[in-house]
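Only one structure is covered here, and it is reproduced in the block below.
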Amino acid sequence: MRVLSGTQPSGQLHLGNYFGALRQYVALQERYPETLYFIADYHSMTSLRDAALRRRLTEDVALDYLAAGLDPSRAILFRQSDVPEVCELAWILSTVTPMGLLERGHAYKDKVAQGIPAEHGLFAYPVLMAADILLYHSDLVPVGQDQKQHLEMARDMAQRFNHAYGVEALKLPEPHILEDAAIVPGTDGRKMSKSYANTIAMFAPRAEVKKAVMGIVTDSTPVADPKDPTATVFQLWNLFATPQERREMAERARAGGVGYGDVKKDLLARLEAYFAPLRERREQYASRPEAVEAILEEGARRARALALPVLASVREAAGLGTPRARN
Ligand code: ADP
Ligand code: TRP
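This is how it looks when you write it as structure tokens:
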């Protein structure tokens, strides 16, 4: 079983990314012998045109991966652009991908609906993502609900290629939709997301984390009154509590006498304690950029070794390049 997923380098990691995705990547690394996690720097080109910033954000994702506990001796960690063969597969897939399929893509449709001109790269984003997945014969692709459509497109493209050339050169991946229960609310109660500016970025300077936690929106129920145990502040607190603690907190909330301010303070303390070892690991790696670079290069070497035979069979099936010796 081969597990693969990717993360766009697009800014500071927040609690939603950690509990919704990264923590689960770490768990999968324990469960499966082959896991590949990459930094989708080619994909980031659809929204970011600052080379220096791309490099910095790419390094940030590498540090976040390592801080969260991805272990380079188990998981293959690499930069998407270090295996440029993915672009060749993307081209090949694009020749069997109907326009209509891509026209239904959420990211593209949203941009067009807002009247923003879209580039071909954004339109073709799902093709590159399919190439990421298919190039490594991935079996399982852990992604959030928002990426489910892209995964279905990848399966569709694999099928179309195999059918067009009468081969089984590409493997159909299974989605592994990350638990819905893990949708983390932001400080304003909506889904935590960079685009809503409601995030708690756990590796941000401590003062910033504190400000975000203290800014979690609450209603004006007096301390003594009963409270809704599903309020945002309790949901966030629950991330750092045992099931037993959660039950007790819910009872106390319903009974009244719990102040939101105290819950926030306790949440901050728990959050800091939880992330302290991760923060430390992150700082250690950050002080050794050459070690991080070496991990990514080694990851790319291992990833490429998996990719080349797949690409060779695709090229052969499509009649590209030097023909294989006939026997
Ligand atoms: P953002 O919404 O901040 O731009 P991304 O789309 O970059 O976040 O998220 C990357 C992945 O992190 C998603 O595919 C999803 O699995 C996970 N994720 C993001 N936000 C949340 C959230 N609030 N709750 C749970 N998972 C999340
Ligand atoms: N599109 C994904 C995101 O924005 C990132 C990504 C790129 C990806 N290629 C992938 C995820 C391949 C899984 C598999 O989150």
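Per my numbering, the sequence shown starts with residue 8, numbered consecutively.
Virtual Cβ for every residue (Gly too), placed ideally from N, Cα, C.
Nothing here was measured: the structure is a model prediction, and the numbers come from that model.
| Item | Value |
| --- | --- |
| Thinking C-beta only, is Lys178 closer than 8 Å to Ala165? | yes |
| Where in the segment 71 to 103 do unbroken runs of the beta strand (DSSP E), each at least 3 residues long, occur, reported from the N-terminal end onward? | 83 to 86 |
| Out of Pro105, Arg277, Asp235, which one is the CA nearest neighbour of Val265? | Asp235 |
| Buried or exposed, going by whether 16 or more other CB atoms sit within 10 Å of the CB of Gln291? | exposed |
| I'd like the list of long-range same chain contacts for Val90, defined as Cβ closer than 7 Å, with 5 residues on each side in sequence excluded. | Ala307, Ala310, Arg311, Ala314 |
| Under 8 Å Cβ to Cβ from Val33, same chain only, skipping five residues before and after it: list those, please. | Ala75, Gly76, Leu77 |
| Taking 7 Å as the cut-off, is the beta-carbon of Met8 closer than that to any non-hydrogen atom of the ligand TRP? | no |
| Using CA atoms only, rank isn't needed, just tell me which of Gln152, Ala59, Gly18, Ala82 is closest to Val68. | Gly18 |
| Going by DSSP in three states, Arg322 sits in which element: helix, strand or coil? | helix |
| Shorter than 8 Å from the beta carbon of Leu141 to some beta carbon of chain C? | Note that chain C does not occur in the displayed structure, where there is just one protein chain. |
| Scan the segment 136 to 213 and note each continuous beta strand (DSSP E) run of 3 residues or more that stays entirely inside, going in chain order. | 147 to 150, 181 to 184 |
| I want to know whether the segment 111 to 131 touches the segment 78 to 87 - three or more CB-CB distances under 8 Å. | no |
| Should Gln36 be counted as a contact of the ligand TRP given a C-beta to heavy atom distance under 7 Å? | no |
| Looking at the structure shown, is Tyr281 part of a helix, part of a strand, or coil, going by DSSP? | helix |
| Between Ala138 and the rest of its own chain, which residues show a CB-CB distance below 7 Å, the 5 nearest in sequence each way excluded? | Val93, Leu96, Ala97, Leu100 |
| Can you say whether Tyr203 is buried or exposed, counting buried as having 16 or more other CB atoms within 10 angstroms of its CB? | exposed |
| Taking the CB atoms as reference points, tell me whether Leu55 and Arg61 lie closer together than 8 Å. | yes |
| Within this structure, are the beta carbons of Val174 and Ala324 separated by less than 8 Å? | yes |
| My guess is that Tyr267 and Thr225 are in contact by the Cβ rule of under 8 Å, so how many angstroms apart are they, rounded? | 4 Å |
| Does DSSP put Ser51 in a helix, in a strand, or in coil? | helix |
| Which word fits Glu126, buried or exposed, when buried means at least 16 other C-beta atoms lie within 10 angstroms of its C-beta? | exposed |
| Grab me the residues of Met217's own chain with a C-beta within less than 8 Å of its C-beta, minus the 5 sequence neighbours each way, in chain order. | Rather than Met, the amino acid found at residue 217 in this sequence is Lys. So the list reads Leu275, once near-sequence residues are dropped. |
| Please confirm whether Ala262 and Pro284 have their CB atoms less than 8 Å apart. | no |
| Would DSSP call Leu11 helix, strand or coil? | strand |
| Provide the residue span of the alpha helix (DSSP H) that contains Glu252, from first to last. | 250 to 262 |
| Provide the residue span of the beta strand (DSSP E) that contains Leu43, from first to last. | 41 to 46 |
| Cβ of Val150 within 8 Å of Cβ of Ser51? | no |
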